[in-house]
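**Student:** For the sequence shown, the working numbering gives the first residue as 1, with consecutive numbering after it.
What follows is a single structure, and I will ask about it in a moment.
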Amino acid sequence: MSNSLFSGDKDWKANACLNWSHDTIGLYIEGYREAADKLVHDVVQSGTHQDILVFPISFLYRQYIELQLKHIIRESRIFLEEGASFPEHHRIGDLWNTANSLMSRIIKDHDHSIKDYITKADVQAIKTIITEFVKVDPESFAFRYPKDKKGNNNLDGIQYINLRKLHDQMEVLKEKLDKYYLCVSLLRDFQNEMRAEYGP
1 MSNSLFSGDK
11 DWKANACLNW
21 SHDTIGLYIE
31 GYREAADKLV
41 HDVVQSGTHQ
51 DILVFPISFL
61 YRQYIELQLK
71 HIIRESRIFL
81 EEGASFPEHH
91 RIGDLWNTAN
101 SLMSRIIKDH
111 DHSIKDYITK
121 ADVQAIKTII
131 TEFVKVDPES
141 FAFRYPKDKK
151 GNNNLDGIQY
161 INLRKLHDQM
171 EVLKEKLDKY
181 YLCVSLLRDF
191 QNEMRAEYGP
């Protein structure tokens, strides 16, 4: 076996397999969220390391949100035949606005029934949680560095973050964002089936 850091070894259970999926963004999305969940579980069970693990946990959840929104944006644009890109910035407030705007267009122009599945309460729940993150970490710096680019303290004024509560809110957010992705994914599948059957 190679001595390289990024290579396999004899204890196969510890070997992570890469490049087996054509589209890996879903693996990144689930990986960041699952890692955060496991760290929260460890903190809650052990009652230790809260003050140091709060930073990676919060960053991992934020990264999950960012990637899931970008995934929804990309899939929505593909369905609407507007390319396959997503914004390269890290402003999750803007990403949410873009994803929600695209879904509103899809509902209006392609499938009115979605509004019965993605309710106003769902939209408000997503907006509320993302707005909380935006207030604390608008551009993905606050949980990675103690100071911003201007030398100001990040997370200034926040004394406590309850990691169990953060986890529970991320579960709520996941359920709501999954609705967005499921809708556009099913529409894309139907679109592909129609094209395969009848042509572009």
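Glycine included, every Cβ here is placed at the ideal spot set by N, Cα and C.
Compare the C-alpha of L187 against each of G157, L155, K176 and M103 and name the closest.
**Tutor:** For the purposes of this step, residue 187 is taken as residue 187 along the sequence shown, with counting starting at 1. Cα-wise, what sits closest to L187 is M103.
**Student:** Between L213 and the rest of its own chain, which residues show a CB-CB distance below 7 Å, the 5 nearest in sequence each way excluded?
**Tutor:** Residue 213 lies beyond the stretch modelled for the chain, which goes from 1 to 200, so this question has no answer here.
**Student:** Our contact map puts I65 next to F133 with C-beta atoms below 8 Å; I'd like the distance itself, whole angstroms only.
**Tutor:** On the sequence shown, position 65 is the one that residue 65 refers to. On the sequence shown, position 133 is the one that residue 133 refers to. So it is a contact: roughly 7 Å between Cβ atoms.
**Student:** Could you spell out where the alpha helix (DSSP H) holding R74 opens and where it closes?
**Tutor:** Your numbering for residue 74 matches position 74 in the sequence shown. That run of the alpha helix (DSSP H) goes Q50 to F79.
**Student:** Considering only the beta carbon of each residue, do D137 and R33 sit closer than 8 Å?
**Tutor:** Reading the sequence shown from its first residue, position 137 is the one you call residue 137. Reading the sequence shown from its first residue, position 33 is the one you call residue 33. For D137 and R33, no; Cβs fall outside 8 Å.
**Student:** Measuring straight from C-alpha to C-alpha, what distance separates A125 and T131?
**Tutor:** On the sequence shown, residue 125 is found 125 positions in, with the first residue counted as 1. On the sequence shown, residue 131 is found 131 positions in, with the first residue counted as 1. Computed Cα separation, rounded: 10 Å.
**Student:** Using only alpha-carbon positions, find the residue among D111, I73, D11 and A14 that is nearest to Y181.
**Tutor:** Locating residue 181 in the sequence shown gives position 181, counting from the first residue. Closest option to Y181, Cα to Cα, is I73.
**Student:** In the DSSP output, which residue or residues are listed as bridge partners for K147?
**Tutor:** The residue you call residue 147 lines up with position 147 of the sequence shown. Its beta-bridge partners are N153.
**Student:** Within 10 Å of its beta-carbon, does N162 have 16 or more other beta-carbons around it, so buried, or fewer, so exposed?
**Tutor:** Taking the sequence shown and counting its residues from 1, the one referred to as residue 162 is at position 162. Exposed, because fewer than 16 other Cβ atoms sit within 10 Å of the Cβ of N162.
**Student:** Return the first residue and the last residue of the alpha helix (DSSP H) that H167 is part of.
**Tutor:** Counting from 1 along the sequence shown, the entry for residue 167 is found at position 167. Element bounds for H167: L163 to Y198.
**Student:** Let me know if F190 comes out buried or exposed under the rule of 16 or more other beta-carbons within 10 Å of its beta-carbon.
**Tutor:** For the purposes of this step, residue 190 is identified with residue 190 of the sequence shown, where counting begins at 1. With fewer than 16 Cβ atoms within 10 Å of its Cβ, F190 is classed as exposed.
**Student:** Are the Cβ atoms of Y117 and L67 separated by less than 8 Å?
**Tutor:** For the purposes of this step, residue 117 is taken as the residue at position 117 of the sequence shown. For the purposes of this step, residue 67 is taken as the residue at position 67 of the sequence shown. Against a cut-off of 8 Å, the Cβ pair of L67 and Y117 comes out as no contact.
**Student:** Restricting to Cα atoms, I'd like to know which of D51, T24 and G31 is closest to D158.
**Tutor:** By 1-based counting over the sequence shown, the position of residue 158 is 158. The sequence shown places Ile at residue 158, rather than the Asp named in the question. Closest option to I158, Cα to Cα, is D51.
**Student:** If you draw a straight line from the alpha carbon of G8 to that of S21, how long is it in whole angstroms?
**Tutor:** Stepping through the sequence shown from its first residue, residue 8 is reached at position 8. Stepping through the sequence shown from its first residue, residue 21 is reached at position 21. Their Cα atoms are separated by approximately 18 Å.
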